[in-house]
Amino acid sequence: MSRNLELFERAQQSIPGGVNSPVRAFRAVGGTPRFFARGEGAYFWDADGKRHIDYVGSWGPLILGHACPEVVEAVCARAKDGLSFGAPTELEIEMAELLCATVPNMELVRLVSSGTEATMSALRLARGYTGRHRIIKFEGCYHGHADSLLVKAGSGALTLGQPSSGGVPPEVAGYTTVLTYNDCAQIEDAFKQYDDIAAVIVEPVAGNMNLVPATPEFLQTLRRLCTAHGAVLIFDEVMCGFRVHPRGAQGLYEVDADLVTLGKVIGGGMPVGAFGGRREIMQSIAPLGPVYQAGTLSGNPVAVIAGLVTLKRVLEPGFHDALAATTRKLVDGLQNVAAKHGAAFSAASVGSMFGIYFRAAPPASFAEVMEADKEAFNRFFHAMLDRGVYFAPSAFEAGFVSAAHGALEIEATLAAADEAFAA
Ligand code: PMP
């Protein structure tokens, strides 16, 4: 029996489904999840000792690759001086100053320990600041697992939200209106229909329905309507922040957000999230204002140093362009290989995020994402896994390239893809 299977069977005895986050369970693609023992650069090794080229990067954070020596050394050194104080440290100021200097419109920022905390807190803040209850989100966007965000679209536009998770009270879901991503007419209508909209939250480059970038017109429409109606525009950049542009999606699209949520890359593999934005809004947070938000381990020095070291590398001149070029080589190469085999396949990238789609052209909406051939993806996923290339175990996830991925890894990936498409 493989060690991966042995561990998976053992894990299921004490952990629900054997995993601590559902998509790890391989339910969508079938088969046994790989348990990982070690990572280095673009590679990681599973419990059977098999090496994989990693295009998941811990779902985004590992922009410098696995076990980046600079990050690991900084974490080890910092840990020797204490893991957490539950009191302020100078490092947190350094992180906040760096974020405020880099992310447009970020005048004040608070650190948390996950993306979910960041989005949940940003929503509470938007509600507290506006004194309104309603949240607008878009189908296919994931913003963490807070109750009011675990709502997907009803069948028609502007239908009352239906909880898409058990355990979410209908009263809570009822304050969440789900609209179609990239549909400007629907959001115009929503602002005519509702006078209680506190916030519009959006992934400006969506990475949770595979990769689907917003159109510039869509984001400009959100900005215009939020300004006109006094609603808070939240860019959820937990995934796309520091991946699509050095200044995030605001930099890429030149559209201003009121609040921005961050996570993943800003922790460099350690648990760090953040939400921040316009001073006037952020001043509503405790202890300055009436909106409560807190965290025992928020801003702990070991996590913060991992993020700081990572961010400083990411912000070096040329870093983003080089990483984006590597990512483009990957998606162009995959498209060429697929075309050679006559497969209905397309691929796209924004910065170091990419999407692979088993349909002729990249999707522009959730509905188009759903039209992709999921069975073909699953066969491709396993064929690549067998050949030591690890893509996300779901047709609906974006992929990530790190600075540790070089020409060697891209060539090896394309050679594996050639065999996989042939098979
Ligand atoms: N927002 C977005 C856009 C995300 O991609 C994620 C995680 N995939 C989250 C929020 C939640 O972050 P976390 O898993 O750290 O709670």
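Residues in the sequence shown are numbered from 334 upward in steps of one, following the numbering used here.
Quick reminder that beta carbons are idealized off the backbone N, C-alpha and C, glycines included.
beta-carbon residue i near ligand 1 non-hydrogen atom, thresh 7 Å
i	result
G606	yes
M542	no
W378	no
H476	yes
D480	no
E536	yes
G596	yes
G688	no
V571	yes
T449	yes
T452	yes
Whole-Å CB distance - residue i paired with residue j, under 8 Å assumed
i	j	result
K597	P394	4 Å
C573	G581	7 Å
L441	M615	4 Å
S481	L458	Between L458 and S481 the Cβ distance is about 13 Å, and since that is not below 8 Å, they are no contact.
S454	F608	5 Å
S617	G461	5 Å
Sequence-distant residues of the same chain with beta carbon closer than 6 Å to residue i, five excluded per side
i	result
V605	I599, A636 and G640
G390	F733 and S735
E450	G606
K707	A728
G684	R576, V577 and A657
A407	I638 and V642
H653	P579
P695	S679 and A681
A740	none
T452	H476, G477, D569 and T594
T422	P634
R371	W378
Y527	R467
N711	V362
A756	A716
Minimum C-alpha distance to residue i - residue among the options
i	options	result
S679	R692, A539, Y586 and F699	R692
F551	P623, F471, Y475 and G610	F471
V593	P503, V702, V565 and V356	V565
D381	F368, G372, Y388 and T435	F368
A750	F729, M717 and G721	M717
A671	R576, E752 and Y508	E752
S698	T629, V545 and H653	V545
V332	L741, T643 and L424	Lying outside 334 to 756, the shown extent of the chain, residue 332 is not represented and no answer is given.
V571	P549, T560, Y586 and L595	L595
N543	G688, E342 and I348	G688
V702	H674, M686 and N541	N541
R720	V362, A358 and K383	K383
D529	R465, E587, H562 and A561	R465
F359	A755, H715 and A748	H715
K673	A539, N515 and F754	F754
G622	R612, S631 and G628	R612
Cutoff 8 Å; reference residue i; Cβ partners in own chain excluding five residues on either side
i	result
I743	T659, K662, L663 and G666
L558	I520, E521, F524, V533 and A564
G489	Confidence at G489 is low in this model, with a pLDDT of 35, below 50, so the placement of that residue should be treated as unreliable; the coordinate-derived value is given next. Around G489: no qualifying Cβ.
V356	A725, P726, S727 and E730
F341	G351, T365, P366 and F368
C433	M439, E440, L441, V442 and G609
T289	Here the chain covers residues 334 to 756 and nothing more, so residue 289 does not appear.
L491	Unreliable placement is indicated for L491, whose pLDDT of 35 sits below 50; no coordinate value is reported for it.
Residues near residue i in its chain [Cβ-Cβ closer than 7 Å; skip 5 each side]
i	result
Y317	This structure gives no information on residue 317, because the portion of the chain shown stretches from 334 to 756.
T746	I386, L663 and V722
V647	I396, F575 and V598
G398	G374, A375, S735, A736 and A737
Within-8 Å CB hit, residue i to chain D
i	result
T463	No chain D is present in this structure, which holds just one protein chain.
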